[in-house]
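Notes for the one structure printed next.
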């Protein structure tokens with residue numbers, strides 16, 4: 001398996017987790033929670049993974065021209 005490419009199931013799980021973390025961030029954003037910076041880091045990491053795999057999948061598309 002190509003480690004740069006997520007399966008549809010993996011992508012769906014990452015996207016669900018990202019949505020969950022973003023919702024949690026909205027709920028605690030107005031507080032002084034010590035976990036907010038860690039939560040932001042996790043959100044950034046998931047976002048980067050999803051963006052990189054999207055970019056890789058676009059680059060690996062067959063050229064039909």
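In my numbering, the protein residues as written are 1 to 65. Glycine included, every Cβ here is placed at the ideal spot set by N, Cα and C. Predicted model only: the values in this text are computed from it and were never measured.
Run of the alpha helix (DSSP H) containing residue i, from where it starts to where it stops
i          : result
residue 26 : 8–28
8 Å Cβ shell around residue i - same chain, five flanking residues per side excluded
i          : result
residue 14 : 6, 46, 49 and 50
Inter-residue Cα distance where the pair is residue i and residue j
i          : j          : result
residue 54 : residue 20 : 20 Å
residue 43 : residue 35 : 12 Å
residue 57 : residue 11 : 12 Å
residue 41 : residue 18 : 11 Å
Same chain only: Cβ atoms within 7 Å of residue i, ignoring 5 sequence neighbours per side
i          : result
residue 39 : 21, 24 and 25
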